[in-house]
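The block underneath contains the structure these notes are about, expressed in structure tokens.
2 protein chains.
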Amino acid sequence: MAGFELDMTFLRSRRHAKWTMFGAEAIPAWVAEMDFALALPIRRAIAELSDRMDFGYPLREGGVAENAVGTAFARRMKSRFGWEIDPQLVQPVAELVQGTFAPIMAFSDPGDGIVLHTPAYPPFYEAISTLGRTLVANRLRDGARRFEIDFDALEAAIGPRTRMILLCNPQNPTGRVFEPAELARIAAIALARDLVVVSDEIHSDLVFPGHRHIPFATLSPEIAARTVTISSATKSFNIPGLRCAVMHFGTQALRDRFHERIPRRLLGAPAIVGIDATIAAWDEGQPWLDEVMDHLAANRDHLVLRVARDLPGVSFHPPEATYMAWLDCSGLKLDRPAQRFFLEEAKVAMSAGETFDPAAPHFLRLNFATSRSILDEIIDRMAAAVRRRGRMGAAAS
Amino acid sequence: MAGFELDMTFLRSRRHAKWTMFGAEAIPAWVAEMDFALALPIRRAIAELSDRMDFGYPLREGGVAENAVGTAFARRMKSRFGWEIDPQLVQPVAELVQGTFAPIMAFSDPGDGIVLHTPAYPPFYEAISTLGRTLVANRLRDGARRFEIDFDALEAAIGPRTRMILLCNPQNPTGRVFEPAELARIAAIALARDLVVVSDEIHSDLVFPGHRHIPFATLSPEIAARTVTISSATKSFNIPGLRCAVMHFGTQALRDRFHERIPRRLLGAPAIVGIDATIAAWDEGQPWLDEVMDHLAANRDHLVLRVARDLPGVSFHPPEATYMAWLDCSGLKLDRPAQRFFLEEAKVAMSAGETFDPAAPHFLRLNFATSRSILDEIIDRMAAAVRRRGRMGAAAS
């Protein structure tokens, strides 16, 4: 058992969403939290603040503390992806949802179209509809070994009022890491149709061996000039409750255009705990994340084997990134949405496919960032529910 | 020495603004941080999160955690001021500056006038100018025993494009707690001229005996319907780095009007540490605050005596609330702004009068939320600098 795994008693003793929302009988495998202890540098950063009660107006690096998130993000992008950015072009925000609402409001008007590859993270739908923008949905094609962008459909869907592509790469929930050729085609379309690209790269730390993340803004200076990259340490370092994320503007001109509509101080500022935890994660957390990634890769491979063996009628493409498996349960021919079936019959709480794509109630998103034993219990419970249903079906016929 | 006082060695060991910005030789008495240990319930709340690494997506009271700030604020307003509010009308934000920018954007347009009683908190000026609104400044009149609103000047200053009064009560930096008659006159003007009132009441926990805070929205239902109250536990409980504040809308209609321009999720959400600390402060922190207020009242009275005795040429009205003294140094006839004089000559870092009112470089804001011994050293240093100057003046003449 890896040193960072937490047991069920401890997990159930806490107050955050994953282990409390569905009650004490269910095993949760839904929201993007990992059942792991935090990296030591993060714990140390929080303990230092806490021990010294250092919660006054925060300064770091000689300026307001939130600016230090920008310099830490620049160091991180350089060390991970060789991407050199100007920290002045980084705007800290509380979380990616705020970081999605803000550029949509800045770079489009009500009624304008926003491209979204579906299935997609539910708050993206919420942002587009709350803000009165028009959803330009382009469903990923379920290919032989992975989901793929249907570029013909994408080109056809873009109209004269389409203003933006909301890109998610690595993609949630399919786990795709888009390849250079795919990104180049998206870039060509963005340039040809004069679109701003908001690139959610929050999963870029969670890429499995054999795949490589390419920040969209690195494709060319012309692309950088129209790209807002949004990211955070919260997903890969397991600290969403600390609320610290970044928006990076590819050029000062793009940032200036943004601030014409959204003044900087309308966005608030992260708390010092989120700031220091994020800096510790990015600067010192990689050894922990390397171990976690080994564990996640092993869990993914284990899930592939066990689904094939014990869950006939369920299939998925092994994710190239993220700790999510996008399970296609259409082979089970269930009488209700898959999420509801497994919650009711197996007491396993996964994320409902229809929240990522209204046409996908036969899909589930399973979070496998847990211990091997909990993952096995999840699959055991699911397999038993499917077997029971099989027997009942046989008895009824 | 009160149990919550911290010594200078400890204070200098931390990273927040107050004790680091002006170097190791200066004694700081500027930004609104208190040199006191945090209330035990706050420390416990933070320790519990930290010990359990409970930093997942936060839930409280069966919903998203930030909503629990609204219910805690409602309990607090009820217990402190007998003010019954609907928690649904409370919107958590990161801090009061965000909570100032947002209603200005929602309830006025560029070019519209915003009334501000001056001297005033510098970010209010920043909000008005950054957002392209017109400052309608009404200077408080320096009366016999306190600063007072010049109502004739106020009425004359309000024009057809004036849309809002930015009220600060208790007032920073003058320490005024406006009385019922004064508030009623402001209310009558707001009604007669159809103005929205943004009422910053962050200092309402810091009122000295003999004075009473009245929430502006309690004046009448008609006033509530046009009042946004902004507040936070950060000032009175010494946790500004945790970034948690509230906006309260007097009616749902006012809130709806606000959200037409400012969607809720554009505002982000506070981190769980700020949420739990705020709830602990409001629900369980009052015994600590009572002790702190006794200490602050004694420090205020001590400051009155010592300024009268040792700082001839300096005068002030003892504040009715806040731990700030607004010192008039005009009697010193200094050759430079008072803040600069005392920083350079006394190594005491106070807040510059001209940042609260461009016409007030001869004023200083002195933060007396510190131990008695540090307060005495501040006054000793100031008095010595004034004496040295007197001798040099005598030598030169």
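Protein chains in written order, with the numbering used here: chain U, -13 to 383; chain H, -13 to 383.
Just so it is clear, CB atoms sit at the ideal spot from N, CA and C, and this is done for glycine as well.
The structure displayed is predicted, hence computed values, not measured ones.
Cα separation between residue i and residue j?
i      : j       : result
U/T148 : H/S115  : 33 Å
H/Q272 : H/Q74   : 24 Å
U/R179 : U/A267  : 38 Å
H/W5   : H/P305  : 24 Å
U/G376 : U/F137  : 40 Å
U/I364 : U/R351  : 13 Å
H/N353 : H/N285  : 10 Å
U/W274 : U/M(-6) : 21 Å
U/L24  : U/A54   : 21 Å
H/A12  : H/E277  : 28 Å
U/R330 : U/D366  : First, the residue type needs correcting, since residue 330 of chain U is Glu and not Arg in the sequence shown. Cα to Cα, U/E330 sits roughly 15 Å from U/D366.
H/L152 : H/S65   : 26 Å
H/E52  : H/D40   : 15 Å
U/G48  : U/R229  : 23 Å
H/P347 : H/A239  : 42 Å
H/L140 : H/V372  : 37 Å
Residue i: which of the options sits nearest, CA to CA?
i      : options                         : result
H/L102 : H/D314, H/H234, H/V182          : H/V182
U/I175 : U/E208, U/N224, U/D314, U/F223  : U/E208
H/V83  : H/D95, H/A58, H/A113            : H/A113
H/F342 : H/Q157, H/A370, H/F164          : H/Q157
U/D262 : U/G(-11), U/P14, U/T(-5), U/E34 : U/E34
U/H281 : U/G260, U/R358, U/G161          : U/R358
H/C154 : H/R367, H/R251, H/A307, H/R374  : H/A307
H/H303 : H/D287, H/R295, H/D296, H/D321  : H/D287
H/R29  : H/V300, H/G161, H/I225          : H/I225
U/G317 : U/F110, U/V293, U/D242          : U/V293
U/R243 : U/S(-1), U/E(-9), U/F93         : U/F93
H/A257 : H/A239, H/S(-1), H/I32, H/P27   : H/I32
H/L313 : H/S337, H/D37, H/S217           : H/S337
U/D321 : U/A167, U/T86, U/M378           : U/M378
U/P96  : H/D296, H/L291, H/M91, H/E246   : H/E246
Check the Cβ of residue i against every Cβ in chain A and list those closer than 8 Å, keeping chain order.
i     : result
U/D40 : Protein chains in the displayed structure are U and H, and chain A is not among them.
Whose C-beta lies closer than 8 Å to the C-beta of residue i among residues of the same chain, with five residues either side of it excluded?
i      : result
U/D98  : R119, T120, R147, T148, R149, M150
U/P201 : M63, F67, W69, S185, E187, S190, T215
H/K221 : A18, I188, H189, D191, L192
H/T104 : A123, N124, R125, L126, F342, D343
H/H2   : E19, G227
H/M279 : L192, F194
So, is the C-beta of residue i closer than 8 Å to a C-beta in chain U?
i      : result
H/Q84  : yes
H/T57  : no
H/V79  : yes
H/L252 : yes
Output, in chain order, the set of chain U residues within a Cβ distance shorter than 7 Å of residue i.
i      : result
H/F354 : Result: empty, since nearest Cβ-Cβ is about 16 Å, beyond 7 Å.
H/S36  : I32, A33, S36
H/G97  : Correct list: empty, because the minimum Cβ distance to chain U is about 16 Å.
H/G260 : A257
Residue i CB to nearest chain H CB: under 8 Å?
i      : result
U/L192 : no
U/A255 : yes
Which same chain residues end up closer than 6 Å to residue i when comparing Cβ atoms and leaving out the 5 residues on each side of it in sequence?
i      : result
H/E134 : R127
H/A143 : V122, N124
H/R250 : none
H/D21  : L(-8), L(-3), T356
CB-CB under 7 Å to residue i, same chain, minus the five flanking residues each way: which ones, in chain order?
i      : result
U/I71  : A60, M63, H234
U/A210 : A203, G236, T237
U/R241 : L75, F235
U/R162 : R132, F133, P156, E306
List, in order along the chain, the chain U residues whose C-beta lies closer than 9 Å to that of residue i?
i      : result
H/P249 : F87, M91, A113, T116, L117
H/L24  : M39, F41
Counting only Cβ pairs nearer than 8 Å, list the residues of chain U close to residue i.
i     : result
H/M7  : L45
H/E19 : G42, Y43
What does residue i reach in chain H if we use C-beta pairs closer than 7 Å?
i      : result
U/A167 : Chain H residues near U/A167: none, gap ~35 Å exceeds 7 Å.
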